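Report on one structure; see the data block that follows.
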Amino acid sequence: MKLAALCCTFRRPHTLGQLIESFLRQDYPAERRELVILDDAGQYEHQSGPGWRLVSIPARFRSLGEKRNACAALASPDAEGFLVADDDDIYLPHWFSTQAEALRRADWSRPGLVLLEAGEGLREAETEGLYHGGWAFRREVFDRVRGYGPHNNGEDQELAARLQAAGATCCDPCSFAEPFYLYRYDNRSYHVSYLDDAGYRALGEGSVSRGTVQPGWFRDYARLPIRRRFAFAPHAGHGTEPRRIELIGPVEAPGTDGPTNGMFALQKELRRRIAGGLDWLSIRSLPASRDAIPWFWNWADRKYAGWWDGQGLPFLQGPNLLFLNSRTPRIDAEECALLDAAHCRAMFCHSEWYRDLIAQHRGPANRSEIVLWPYPIDPWPGEPLPDEYDLLIYAKNGDHPQLLEHLAELYPRHVQIHYGRYRREELFEAARRSRACAYLADDDHGPLALQEILLAGCPTVGVRTGAPFVEHGVTGLLVPRLPPGAACFEGDEDVAALDTFVDAIERVQAFDRHAVRAAAAGRFETRGIV
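For the sequence shown, the numbering used here assigns the number 1 to the initial residue and increments by one for each residue that follows.
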C-alpha cells in the first residue's frame, strides 16, 4: 500500500525540518511512501528531497480544512492512504508501517495513545479521541465523505463524525503496536487547536521572511526512554507497608508548560519534606498499592482514578483532573465519575472560582473536602526593575484578538507575551519591567504565568475566571468581563466594559510594584503552600 503523509505548514521553518527528518527515518519501503508539504505563507522556494516535496504559495487559504483538502489533492494518484502530519511534532520510525497495518484492518486509524515529552524521556498518555496529528485514512473513504469541512478549528472532530455516520470502520493502531506520535506542547510557536477564527486570521497578518528547511532532529527521539501507561486494564499492586498516601506520577524535571513546572516545583518541595522524615507520603508511578491511598493529580490518570473509585477504594484527586473545559462541566463519562466519586477523600484545586465550580457540579455522593492549593513557583522572578513598558499584554490561546489590538494601539510602549510561544525567562523580564499587566484569559483555573507576573511585582487587570490569583485592590483589579476592542462594539455595554477595563489599567499603573510583589510573596511562599 502506497501512503502519502500530508502536512499543512505555516511560518514554522524551525520545526518543519524535524518533520522531514521523521519521514526520512521511516522503516516503511521508500518506494511506497511520500510526504507532501503545503505552505500558504509563500515562505519557501518550491523544493523536494528523497520522497518529499514542498509546495509554497503566497496566498492564504480561507480555512485550515480547505488547505488540508488541497494538500490531499497534491498527493500522487496511486497513493491509497493519507497520513496526517503536523509540522511541529515528531513521528517515530514505525509511523508509516504501523499506519499501513491499521489501514489494512480498517477504513481509518485513530490512535488511543500519544507520546508526550517528560523530563529526559517520553511518557504515554491516552488521546481520548483527540491528537488528530496521529490519524490516517484510506483514500477511498476520505474521498467518499468529501474530506474536511471549511473550518479552522475542530475540523478533525467534524470529519470524525462524518466518517462514523458513513459507517467507516476504525482501528486503534496502539492495540497492536507501540505509539509512534510525539505531540510537543512546547513548539516555540502557536497551537492552531487553541485559535478561533479570528486568531487564525490574525496569524496571517504581518510580513513574512523567507525561510530555509534543514532536515534533522536535535536529539534521537527513537532512543528516548518511555514511561508506559497500563497495557490492558487498570490494576493495583499489593504492598505490605501500613496505609499511606502515594502521589501518582513523578515529574523528574521542569517542563515547557505551566502545569509541568508547577507539578515539578510541588514535588521538589514534597521530596524535601520526605527526605526530612515525612514517612506517610511517597511518590511513585502506576500501579498504585491497594493498601495505600493514591493521590491522582494528572489528567492522564482520569480513567485509572475512576476505576479506583469503582473498586470502592479511597483516593485523593486534583488539581489537574478537572475540568477538560470549564465552560462545559461534566463533559464526558470520566469527568462525571470523578465529580460523583463516593470514595474520594479530598479534591485539590488552585483557586476559589475553581473550587466553586467543583462544588456546583459534583454529585451528592462526593462529599469530600475541597482544598485550595496553588502550585509553588520555582524559581521566582527577581525584584521589579525600572519600567520599560507601560503595559504587559498576556494573551492566552488567541483569545480576544480585537482587545489585544486595541490595547497595543492605546499603549505604544507595551510588550506582548502569548501563551505557548515564550520562554519563561522572557516572561520574567517583561513582568519585572512593566507598570501593569492586562491578562487576556477568561478560563484559567490556576495560571502559573499569573503567579509569576505578580511575583515580579506587576499589578494585573483581569477577570475572576481567568486571573483568579489577583487580590482585588492589592495586587491588581478584577473587572466583570473582558471587553471587545473598539472596532467590534455591538452596543453601549461593550463601550462601558472597555472604559472600565482601561480605567482599571490606569489605576493599577499607580500601584507600588514592590508592594505587589510582597503581597504575592506572602500568598505564594513555598513553605506556606506545602
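Think of the CB as a built atom: it goes at the ideal place given N, C-alpha and C, for glycine as much as any other residue.
In this text, all values refer to a predicted model and were calculated from it rather than measured experimentally.
Any idea which residues DSSP pairs tyrosine 181 with across the strands? Residue pairing by DSSP puts tyrosine 181 in a beta bridge opposite Tyr91.
Buried or exposed (CB count within 10 angstroms, at least 16 for buried), proline 173: Classification of proline 173: buried, given that the 10 Å Cβ count is 16 or more.
Mind pulling the alpha helix (DSSP H) runs of 4 or more residues that sit fully within the segment 435-463? If you keep only unbroken alpha helix (DSSP H) runs of at least 4 residues inside the segment 435-463, you get 448-455.
Counting only the same chain and skipping the five closest in sequence on each side, list residues whose C-beta sits under 6 Å from that of tyrosine 371. It is valine, not tyrosine, that sits at residue 371 in the sequence shown. Cβ neighbours of valine 371 within its own chain (closer than 6 Å, five residues either side excluded): Ala346 and Phe348.
For a quick check, are the C-beta atoms of alanine 467 and threonine 460 less than 7 Å apart? Annotated as proximal: alanine 467 and threonine 460, with beta-carbon spacing under 7 Å.
Taking only three categories from DSSP, how would you classify histidine 418? If DSSP states are grouped into helix, strand and coil, histidine 418 belongs with the strands.
Helix or strand or just coil, what does DSSP make of leucine 316? Strand at leucine 316.
Report yes if the C-beta distance between tryptophan 108 and leucine 163 is below 7 Å; otherwise report no. Contact flag set, yes.
DSSP on histidine 406, reduced to helix/strand/coil? Correct three-state label for histidine 406: helix.
Here's a check: name, in chain order, each residue in its chain whose Cβ is nearer than 8 Å to the Cβ of proline 386, leaving out the five neighbours to either side. Cβ neighbours of proline 386 beyond the five flanking positions: Arg433.
Nearest-angstrom Cα separation, counted from aspartate 87 out to glutamate 21: Straight through space, the alpha carbons of aspartate 87 and glutamate 21 are spaced by roughly 11 Å.
Under the assumption that glycine 457 contacts histidine 514 (Cβ atoms under 8 Å), give the Cβ distance between them as a whole number of angstroms. Right, their Cβ atoms sit about 6 Å apart.
Under 7 Å, do tyrosine 221 and isoleucine 37 count as touching if we go by C-beta distance? Taking 7 Å as the Cβ cut-off, tyrosine 221 and isoleucine 37 do not qualify as a contacting pair.
Tell me, please, whether the segment 281-288 touches the segment 328-344 by the rule of three or more beta-carbon pairs shorter than 8 Å. Under the 8 Å Cβ criterion, the segment 281-288 does not count as touching the segment 328-344, having fewer than three qualifying pairs.
To which residues of the same chain is phenylalanine 501 closer than 6 Å at the C-beta, ignoring the five residues directly before and after it? So the list reads Val479 and Pro483, once near-sequence residues are dropped.
Around the C-beta of glutamine 267, are 16 or more other C-beta atoms found within 10 angstroms, so that it is buried, or is it exposed? When all chains shown are included, glutamine 267 counts as buried.
Contacts around asparagine 320, its chain only, beta-carbon distance under 8 Å, and the 5 residues preceding and following it disregarded: Around asparagine 320: Pro259, Met263, Trp297, Asn298 and Trp299.
Counting only runs that start and end within the segment 318-400, where is the alpha helix (DSSP H) found for 4 or more residues in a row? When DSSP assignments are scanned along the segment 318-400, the uninterrupted stretches of alpha helix (DSSP H) that are 4 or more residues long and fall wholly within it turn out to be 333-339 and 352-361.
What residue does the beta strand (DSSP E) around aspartate 39 start on, and which one ends it? From DSSP, the beta strand (DSSP E) with aspartate 39 extends over 33-39.
Rounded C-alpha distance that separates valine 516 from phenylalanine 428: Between valine 516 and phenylalanine 428, the C-alpha separation is close to 15 Å.
Report buried or exposed for cysteine 325, applying the criterion of at least 16 other Cβ atoms within 10 angstroms of its Cβ. This sequence places asparagine at residue 325; cysteine is not what is there. Flag for asparagine 325 reads exposed.
Return the bridge partner residues of tryptophan 52 from the DSSP annotation. Paired residue(s): Leu35 and Gly49.
Proximity to asparagine 152 [Cα-Cα], best of Arg68, Arg110, Glu246 and Val84: Closest in C-alpha terms to asparagine 152, from the list Arg68, Arg110, Glu246 and Val84, comes Arg68.
For the 8 Å Cβ check, are there 3 or more pairs between the segment 430-446 and the segment 485-500? In short, these stretches do not touch, since the Cβ pair count stays below three.
Can you tell me which of the three DSSP states tryptophan 295 falls into? Under the three-state reduction of DSSP, tryptophan 295 is assigned to strand.
Using the Cα positions of arginine 104 and tryptophan 135, report the straight-line distance between them to the nearest angstrom. If you draw a straight line from the Cα of arginine 104 to the Cα of tryptophan 135, it is about 14 Å long.
Evaluate histidine 536 with the Cβ neighbour count: other Cβ atoms within 10 Å of its Cβ, from every protein chain shown; 16 or more gives buried, anything less gives exposed. Residue 536 is absent from the structure shown; the chain starts at 1 and stops at 530.
Please report the straight-line C-alpha distance between glutamine 416 and leucine 392, rounded to a whole angstrom. Going by the C-alpha atoms only, they are around 6 Å apart.
Does the pairing of the segment 119-135 with the segment 60-79 give three or more beta-carbon distances under 8 Å? Segments in contact, no.
Can you grab the Cα-Cα spacing for the pair alanine 365 / aspartate 309, in whole Å? In this model, alanine 365 and aspartate 309 are separated by some 12 Å (Cα to Cα).
In whole angstroms, what is the alpha-carbon distance linking arginine 464 and alanine 168? Cα to Cα, the separation comes out at about 44 Å.
Reducing DSSP to helix, strand and coil, say where phenylalanine 82 ends up. Here phenylalanine 82 sits in strand by DSSP.
For glutamate 383, which of Arg362, Ala408 and Ile453 has the nearest alpha-carbon? The shortest Cα separation from glutamate 383 among Arg362, Ala408 and Ile453 belongs to Ile453.
Taking C-alpha atoms, which residue in Met1, Gly112, Phe315 and Gln214 lies nearest to alanine 177? The residue with the shortest Cα to Cα distance from alanine 177 is Gly112.
Relative to the C-alpha of lysine 303, which candidate in Glu31, Leu116, Glu335 and Leu54 has its C-alpha closest? Considering only alpha carbons, the answer is Glu335.
On the DSSP bridge assignment, give the partners of cysteine 71 in chain order. Secondary-structure assignment with DSSP links cysteine 71 through no beta bridge to anything.
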